[in-house]
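Trainee: Following this note's numbering, the numbering of the sequence shown begins with 247 at its first residue and continues without gaps. A virtual CB, placed ideally from N, CA and C, is assigned to each residue, including glycine. In this text, all values refer to a predicted model and were calculated from it rather than measured experimentally.
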Amino acid sequence: EAPKLNREVWSKRAKVVYEFPATRFTAGKSLKLTWYDGQGHFPKADTHGLPVGINLPGSGSVLIGEKGTLLIPHVAAPKLYPEEAFAGKKIEMLPGTDHYVGWADACRGIGTTGSHFGYSGNLTETVLLGAIAVRTPGTRLEWNAETTNLSGSTTAGALVKKSYRKGWEPTWIS
247 EAPKLNREVW SKRAKVVYEF PATRFTAGKS LKLTWYDGQG HFPKADTHGL
297 PVGINLPGSG SVLIGEKGTL LIPHVAAPKL YPEEAFAGKK IEMLPGTDHY
347 VGWADACRGI GTTGSHFGYS GNLTETVLLG AIAVRTPGTR LEWNAETTNL
397 SGSTTAGALV KKSYRKGWEP TWIS
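1. Output needed for P324: all residues of its chain with C-beta closer than 7 Å, excluding positions within five of it in sequence on either side, in chain order.
2. With a CB to CB cut of under 8 Å and the five nearest residues on each side skipped, what residues in its chain are close to T280?
3. Under DSSP, the beta strand (DSSP E) around I310 begins and ends at which residues?
4. Output needed for V308: all residues of its chain with C-beta closer than 6 Å, excluding positions within five of it in sequence on either side, in chain order.
5. Provide the residue span of the beta strand (DSSP E) that contains K318, from first to last.
6. Tell me whether T293 sits in a helix, a strand or coil according to DSSP, three-state version.
7. Verify whether the separation of the beta carbon atoms of A350 and T382 is less than 8 Å.
8. Please list, in chain order, all residues of the same chain as L375 whose beta carbon is under 6 Å from its beta carbon, the five residues on each side excluded.
9. Apply the 10 Å Cβ neighbour rule to L277 and answer buried if 16 or more other Cβ atoms are within range, or exposed otherwise.
10. Do G398 and L405 have their beta-carbon atoms positioned less than 8 Å apart in this structure?
11. I think T343 touches A352, with their Cβ atoms under 8 Å apart; what is that distance to the nearest whole Å?
12. If I follow the unbroken alpha helix (DSSP H) through A377, where does it start and stop?
13. For Y327, count neighbouring C-beta atoms within 10 Å of its own C-beta (all shown protein chains included) and say buried if the count is 16 or more, exposed if not.
14. Could you tell me how far apart the beta carbons of H287 and P303 are, in whole angstroms, since I believe they sit closer than 8 Å?
15. Under the three-state reduction of DSSP, which class applies to G403: helix, strand or coil?
16. Let me make sure I understand the geometry here. Which of G314, H345, M339, A322 has the alpha-carbon closest to that of E330?
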């Protein structure tokens, strides 16, 4: 869902609903994820299982589970709700590392980065598919990662791969 787009200006807000197939990590159930982008159209915090009156951060994530809700602000510690249900639980933070040093170490073959390509490639693919979906509001799109085919809209499907002029095709893209 998004306001009508034009060629010069991107929408101030958008809502993209993803549905991921079931895996062993989702207890055999498909996973629905709603991505809100922009300001002024988020559901109220209490609809997420958060306390009435809590302010959602300007950026971050809200993960809603079967037994509670995890609020993850962009630059603050995550918090579990309802607080009384998780009173004895502590969210363990990873030891602090400098991401510049982590990247340089990974280049030298020392460990991997926190967002190595095995993780970040899939995340980037998901976000870019959402950007395509915003251009075709109200349309259900189906993505096949193996064939890089997007079905459900020829307009959306045409945005997956760029067409190059004859003689200017990159040799590394098939």
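Mentor: Checking against the coordinates, here is how it stands:
1. The sequence position of residue 324 within the sequence shown is 78, counting from 1. The residues are L316, L317, I318, I337.
2. Here residue 280 is taken as the residue at index 34 of the sequence shown, counted from 1. Closer than 8 Å at Cβ, skipping near neighbours: K261, V262, V263, Y264.
3. What you label residue 310 is simply residue 64 of the sequence shown in a count that begins at 1. Where I310 is concerned, the enclosing beta strand (DSSP E) stretches over 306-310.
4. Translated into the one-based positions of the sequence shown, residue 308 becomes position 62. If we look at V308 and ignore the five residues flanking it on each side, its Cβ neighbours are H294, L317.
5. Residue numbering aside, residue 318 sits at position 72 when the sequence shown is read from its first letter. The sequence shown places Ile at residue 318, not Lys. Residues 315-319.
6. Here the question's residue 293 lines up with position 47 in the sequence shown. The answer is helix: DSSP assigns T293 an H, G or I state.
7. Along the sequence shown, read from residue 1 onward, the residue named residue 350 stands at position 104. Along the sequence shown, read from residue 1 onward, the residue named residue 382 stands at position 136. Cβ distance not < 8 Å, so A350 and T382 don't count as in contact.
8. Residue mapping note: residue 375 aligns to position 129 of the sequence shown, counting from 1. Apart from sequence neighbours up to five positions away, the residues of its chain that approach L375 with a beta-carbon distance below 6 Å are W389, ordered along the chain.
9. As a first step, residue 277 is located in the sequence shown; it is residue number 31 there, counting from the start. With fewer than 16 other Cβ atoms within 10 Å, it is exposed.
10. Taking the sequence shown and counting its residues from 1, one reaches residue 405 at position 159. Taking the sequence shown and counting its residues from 1, one reaches residue 398 at position 152. Taking 8 Å as the cut-off, the Cβ atoms of L405 and G398 do not count as close.
11. Residue 343 sits at position 97 when you count from the first residue of the sequence shown. Residue 352 sits at position 106 when you count from the first residue of the sequence shown. Incorrect: roughly 11 Å between the Cβ atoms, too far for contact.
12. Looking up residue 377 in the sequence shown gives position 131. Its alpha helix (DSSP H) spans residues 363-380.
13. As a working mapping, residue 327 is identified with position 81 in the sequence shown. That one is buried.
14. Counting from one through the sequence shown, the residue named residue 287 turns up at place 41. Counting from one through the sequence shown, the residue named residue 303 turns up at place 57. No, H287 and P303 are not in contact; Cβ-Cβ is about 15 Å, not under 8 Å.
15. Sequence index remark: in the sequence shown, residue 403 carries index 157 (1-based). If DSSP states are grouped into helix, strand and coil, G403 belongs with the helices.
16. Position 84 of the sequence shown, counted from the start, is the residue given in the question as residue 330. Considering only alpha carbons, the answer is G314.
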